[in-house]
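Novice: Below you will find the structure I want to go over with you.
Numbering (the working numbering), first residue to last: -15 to 153.
Next comes the structure, spelled out in C-alpha cells:
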C-alpha cells in the first residue's frame, strides 16, 4: 500500500465514524459538531484526490457556512422549543429500511453510470468549465438558484422560530 492509500483509508474511516456519530449521539449540539468533523474528513479526501477547488468549497461553504448555521439554529431554537419528549420513536426500523434502499439504489446508479474522463492536460480548466456551467442557463443555473432560495428560506425559518412569540393580553 502506498502512503496516499493509507491516508485515504484513515480519512475515509474517520469520516464514516463521524457520520455514524452524527445520527447516533443524543445531544443535538454534539451531532452538529460531528457533522463538522465528517465534512472535514470529506474535504481531506478531496485534498488527497487533488481536487483542491472542491476541498476549498467543502471547507468554506459547508463547514464555514452551513454547519455553523445549523449549530447556531440549534442553539437558538432548542431553548425555545423546550424539547423534553422522547428522542427516539418506535418506527426507527422504517427509516433504516429507507436508508438501506436509498444506499442500494444510489450505489447501483453510481456503478452503472458511464462517467466521462478528462484527458491529463485538461485538469487545469476544470474550475473554468465548472464556473461557466454554473451560470449557463441550459446547465446548472436553475438548480444553483433553487439551492440559494432554499438556504434563504431555511435562514428565515430559523429566525422565525427563534423569535419570542407575542402573547396577546
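A virtual CB, placed ideally from N, CA and C, is assigned to each residue, including glycine.
Can you tell me which of the three DSSP states residue 121 falls into?
Specialist: Of the three classes helix, strand and coil, the one that applies to residue 121 here is coil, per DSSP.
Novice: For a test of the three-state rule: what should DSSP assign to residue 77, helix, strand or coil?
Specialist: Note: residue 77 maps to helix in three-state DSSP.
Novice: Expressed to the nearest angstrom, what Euclidean distance is found between the alpha-carbon atoms of residue 76 and residue 59?
Specialist: Distance between the alpha carbons of residue 76 and residue 59: 25 angstroms.
Novice: Give the secondary structure of residue -14 by DSSP, where H, G and I count as helix, E and B as strand, and everything else as coil.
Specialist: Of the three classes helix, strand and coil, the one that applies to residue -14 here is coil, per DSSP.
Novice: Note down the Cα distance separating residue -11 from residue -1, rounded to an integer number of angstroms.
Specialist: Cα to Cα, residue -11 sits roughly 15 angstroms from residue -1.
Novice: By a C-beta neighbour count over all protein chains shown, 10 Å radius and 16 as the cutoff for buried, is residue -13 buried or exposed?
Specialist: So residue -13 ends up on the exposed side.
Novice: Report yes or no: do three or more beta-carbon pairs, one from the stretch 42 to 58 and one from the stretch 19 to 27, lie closer than 8 angstroms?
Specialist: Yes, the stretch 42 to 58 touches the stretch 19 to 27.
Novice: Taking Cβ to Cβ, would you say residue 51 is nearer than 9 angstroms to residue 19?
Specialist: Yes, the Cβ-Cβ distance between residue 51 and residue 19 is below 9 angstroms.
Novice: State the Cα-Cα distance for the pair residue 152 and residue 112, rounded to the nearest angstrom.
Specialist: For residue 152, the predicted model reports a pLDDT of 49, less than 50, meaning its position is unreliable; a value from the coordinates is still stated below. Distance between the alpha carbons of residue 152 and residue 112: 56 angstroms.
Novice: Using alpha carbons as the reference points, say which of 15, 10 and 11 lies closest to residue 3.
Specialist: Of the candidates 15, 10 and 11, the one whose C-alpha sits nearest the C-alpha of residue 3 is 15.
Novice: Taking only the alpha-carbon atoms, compute the straight-line gap between residue 74 and residue 89 and give it to the nearest angstrom.
Specialist: Approximately 25 angstroms, taken between the alpha carbons.
Novice: Is it buried or exposed, residue 78, if we count other Cβ atoms within 10 angstroms and call 16 or more buried?
Specialist: The residue is exposed, with fewer than 16 neighbouring Cβ atoms inside 10 Å.
Novice: Near residue -4, what residues of its chain come up, given a Cβ to Cβ distance below 6 angstroms and the 5 sequence neighbours on each side ignored?
Specialist: Taken in chain order, the list of residues that qualify is empty.
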